[in-house]
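As they're listed, the protein sequences go chains A and B. Numbering of the first sequence is given in UniProt numbering, commencing with residue 1 and proceeding in unit increments. Numbering of the second sequence is given in UniProt numbering, commencing with residue 1 and proceeding in unit increments. For reference, the structure discussed in these notes is given below.
2 protein chains.
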Amino acid sequence: MIRTNPELLTYINELYNKKNNGITEEKHNPKQRVIEQNKRYNWVYIIKKGITKCYLSDENGKDFIQEFLGEGMEFGEIEVFSGNPSFCCIEAITELVVYKISYIDFNTLLENDKKFNRLVIKAMAAKISYKAPRHSYQQSYPIEDNILRLQQLFPKLTEVISKSDIANYLGVTLRSLNRTLNQLKHRNEN
Amino acid sequence: MIRTNPELLTYINELYNKKNNGITEEKHNPKQRVIEQNKRYNWVYIIKKGITKCYLSDENGKDFIQEFLGEGMEFGEIEVFSGNPSFCCIEAITELVVYKISYIDFNTLLENDKKFNRLVIKAMAAKISYKAPRHSYQQSYPIEDNILRLQQLFPKLTEVISKSDIANYLGVTLRSLNRTLNQLKHRNEN
DNA sequence: TTTGTGTTGGGACAAATGTCCTTTTATAAA
DNA sequence: TTTATAAAAGGACATTTGTCCCAACACAAA
Numbered sequence: 001m002i003r004t005n006p007e008l009l010t011y012i013n014e015l016y017n018k019k020n021n022g023i024t025e026e027k028h029n030p031k032q033r034v035i036e037q038n039k040r041y042n043w044v045y046i047i048k049k050g051i052t053k054c055y056l057s058d059e060n061g062k063d064f065i066q067e068f069l070g071e072g073m074e075f076g077e078i079e080v081f082s083g084n085p086s087f088c089c090i091e092a093i094t095e096l097v098v099y100k101i102s103y104i105d106f107n108t109l110l111e112n113d114k115k116f117n118r119l120v121i122k123a124m125a126a127k128i129s130y131k132a133p134r135h136s137y138q139q140s141y142p143i144e145d146n147i148l149r150l151q152q153l154f155p156k157l158t159e160v161i162s163k164s165d166i167a168n169y170l171g172v173t174l175r176s177l178n179r180t181l182n183q184l185k186h187r188n189e190n
Numbered sequence: 001m002i003r004t005n006p007e008l009l010t011y012i013n014e015l016y017n018k019k020n021n022g023i024t025e026e027k028h029n030p031k032q033r034v035i036e037q038n039k040r041y042n043w044v045y046i047i048k049k050g051i052t053k054c055y056l057s058d059e060n061g062k063d064f065i066q067e068f069l070g071e072g073m074e075f076g077e078i079e080v081f082s083g084n085p086s087f088c089c090i091e092a093i094t095e096l097v098v099y100k101i102s103y104i105d106f107n108t109l110l111e112n113d114k115k116f117n118r119l120v121i122k123a124m125a126a127k128i129s130y131k132a133p134r135h136s137y138q139q140s141y142p143i144e145d146n147i148l149r150l151q152q153l154f155p156k157l158t159e160v161i162s163k164s165d166i167a168n169y170l171g172v173t174l175r176s177l178n179r180t181l182n183q184l185k186h187r188n189e190n
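Given below as structure tokens:
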């Protein structure tokens, strides 16, 4: 739900502290967009502190939240390899601190630092493997099952994330989310 | 819909023909499973010829098709990096020929062959970036829109892929798929 | 204070989708 | 040929989810 990658963060911290690798730091306020959809960038980011949402919006104004990204999560790296403009939008939810690496420096690290190379690949493998069961579950089960699953995986959910973000994450309307939460509440009372 | 990766296939072909890299060939008949869910393997595969489906099944017997994989597509590589057992099942749809590389040889290539390394990363980036819009679209739009989208992206769909596979790809029941196809047909007749 | 604006919550109804069941057809096995 | 078996198609009904509203509340800006 809120993904993290401590292993990657630790390594980037080391790199940042050790030498001049072209890694810089940047701060963002809540609701600020770090990356916009369909634009081109020359930076790869790694979250040092805070939470963002990663989402796609379509022509009809519907947003679909891919993932909530926490510490150590990388974004903007896919476009280094695909050569495409950004396919999603990254927006800060909390106060956010990110590390920033230019494409050039990122590629240099990839080629010359085996550990970095392996960590980047592992991060991508993780993205692939957590998307699969989520997609599968969301398609196959009703809203209620998905809410219960989320609450179990991440109990503090509603403290951090707004209702409409949760709805957009589950791919349902706010109305449906509220209705289902209500049914769950009443069922627990009896 | 049926993903391919010609660039990777070309390179693996070269490797296979050139020297002894530990790459072997293997054939499978339709409906045969190359990889089963939750099992451990020591092989990475690349499709030389044919089509497979990649799907997750859950406790309740529901199958959700992640993707149809065609020539040049790689599978089993995620587990090299995650260290987990296979998270999906790969089943041949047509006659299938695959290249097979052991984890050891795969890792050796990754470390020593920069082009191979880059192609594997690119393949993973592609997987991430096509999953996102698909997931988004399927969650946000009704079955009809999704069928129309599929028909446009891949007109010969129903010739190759069974109805129930299409339903499992869209995450809907066969009944709903049929109903929607029927509605579309009647609408076109008038 | 008043005036917005965003978030939360829910009523009433419509539309989409699922469940269960039956039939037909094609194709393979005996 | 007969017999199974799987795929395709659809009827009838139940359930889920969406759409379109409106109301209450918090909180910030004027």
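All C-beta atoms, glycine included, are put in the ideal place defined by N, C-alpha and C.
Over what stretch of residues does the beta strand (DSSP E) that includes glutamine 66 of chain A continue unbroken? 63-69
Taking 8 Å as the threshold, find out whether the region 58-69 of chain B comes into contact with the region 178-190 of chain A through three or more Cβ pairs. no
Quick check on this structure: which residue in B:Ile23, B:Tyr169, B:Glu79 has the alpha carbon closest to the alpha carbon of isoleucine 12 of chain B? Scanning B:Ile23, B:Tyr169, B:Glu79 for the CA closest to the CA of isoleucine 12 of chain B turns up B:Ile23.
CB of proline 133 of chain A within 8 Å of CB of leucine 56 of chain B, strictly: yes
Going by the CB atoms, is the gap between isoleucine 2 of chain A and cysteine 89 of chain A shorter than 8 Å? no
What first and last residue would you give for the beta strand (DSSP E) that runs through tyrosine 99 of chain A? Per DSSP, tyrosine 99 of chain A belongs to the beta strand (DSSP E) from 96-102.
Backbone secondary structure at arginine 149 of chain A - three-state DSSP: helix
Do you know how far the Cα of lysine 19 of chain B is from the Cα of glutamine 139 of chain B? 46 Å
Compute the Euclidean distance between the alpha carbons of arginine 33 of chain A and glutamate 91 of chain A, then round it to the nearest angstrom. 4 Å
Any Cβ of chain B within less than 8 Å of the Cβ of leucine 56 of chain A? yes
Cutting at 6 Å between CB atoms, please list the residues of its own chain near lysine 27 of chain B, excluding the five before and the five after it. Val97
Name the DSSP bridge partner or partners of threonine 52 of chain A? A:Leu69, A:Ala92
Using a C-beta cutoff of 8 Å, does cysteine 88 of chain A count as contacting chain B? yes
Going by DSSP, what residue range makes up the alpha helix (DSSP H) through isoleucine 36 of chain B? It is glutamate, not isoleucine, that sits at residue 36 of chain B in the sequence shown. No alpha helix (DSSP H) contains glutamate 36 of chain B, which DSSP labels as neither H nor E.
Express the C-alpha separation of lysine 122 of chain A and phenylalanine 81 of chain B in angstroms, rounding to a whole number. 5 Å
Spell out whether any CB of chain B is found under 8 Å from the CB atom of isoleucine 12 of chain A. no
List the whole-angstrom C-beta distance separating phenylalanine 87 of chain A from glutamine 37 of chain A, where the pair is believed to meet the contact cut-off of C-beta under 8 Å. 7 Å
Taking 8 Å as the threshold (C-beta atoms), are glycine 72 of chain A and threonine 4 of chain A in contact? yes
Run through DSSP, which three-state label would tyrosine 41 of chain A get? coil
Measure the alpha-carbon distance for alanine 126 of chain B versus isoleucine 78 of chain A and round it to whole angstroms. 8 Å
Quick one: list the residues of chain A neighbouring alanine 125 of chain B, beta-carbon separation under 9 Å, in chain order. Glu77, Ile78, Glu79, Val80, Phe81, Ser82, Met124
For the 8 Å Cβ check, are there 3 or more pairs between the region 104-118 of chain B and the region 159-170 of chain A? Cβ pair count under 8 Å is below three, so no.
Just to confirm, is the Cβ distance from tyrosine 16 of chain A to lysine 100 of chain A under 8 Å? no
What residues of chain A sit near isoleucine 23 of chain B, judged by a beta carbon separation below 9 Å? By Cβ distance, chain A contributes nothing, its closest Cβ being about 20 Å from isoleucine 23 of chain B, past 9 Å.
Since histidine 186 of chain A sits in a beta bridge, which residues does DSSP pair it with? Note: histidine 186 of chain A sits in no beta bridge, so no partner.
Cβ closer than 7 Å: which chain A residues qualify as neighbours of glutamine 37 of chain B? Contact of glutamine 37 of chain B with chain A by beta-carbon distance below 7 Å is absent, the smallest such distance being about 11 Å.
In the DSSP assignment, the alpha helix (DSSP H) including threonine 10 of chain A goes from what residue to what residue? 6-18
Check the Cβ-Cβ distances between alanine 132 of chain B and every residue of chain A, and say whether any is below 8 Å. yes
Whose Cβ in chain B lies nearer than 7 Å to the Cβ of residue 262 of chain A? Nothing can be reported for residue 262 of chain A, as the shown portion of chain A is limited to 1 through 190.
If isoleucine 39 of chain A sits next to proline 85 of chain A, beta carbons under 8 Å apart, how far is it from one beta carbon to the other, in whole angstroms? In the sequence under discussion, the amino acid at residue 39 of chain A is lysine, which differs from the isoleucine named in the question. Indeed they touch by this definition, with Cβ atoms about 6 Å apart.
Just the chain A side, please: which residues come within less than 7 Å of glutamate 111 of chain B by C-beta, in chain order? Lys114
Count the other CB atoms, across all protein chains shown, that sit within 10 Å of the CB of asparagine 178 of chain B; report buried if there are 16 or more and exposed otherwise. exposed
Reduced DSSP secondary structure (H/G/I, E/B, other) of phenylalanine 75 of chain A: Three-state DSSP puts phenylalanine 75 of chain A in a strand.
Which partner residues does histidine 28 of chain B have in the DSSP bridge list? B:Leu96
Using beta carbons (cut-off 8 Å, strictly below), is glutamine 152 of chain B in contact with chain A? no
Who pairs with serine 57 of chain B in a beta bridge, going by DSSP? B:Asp63
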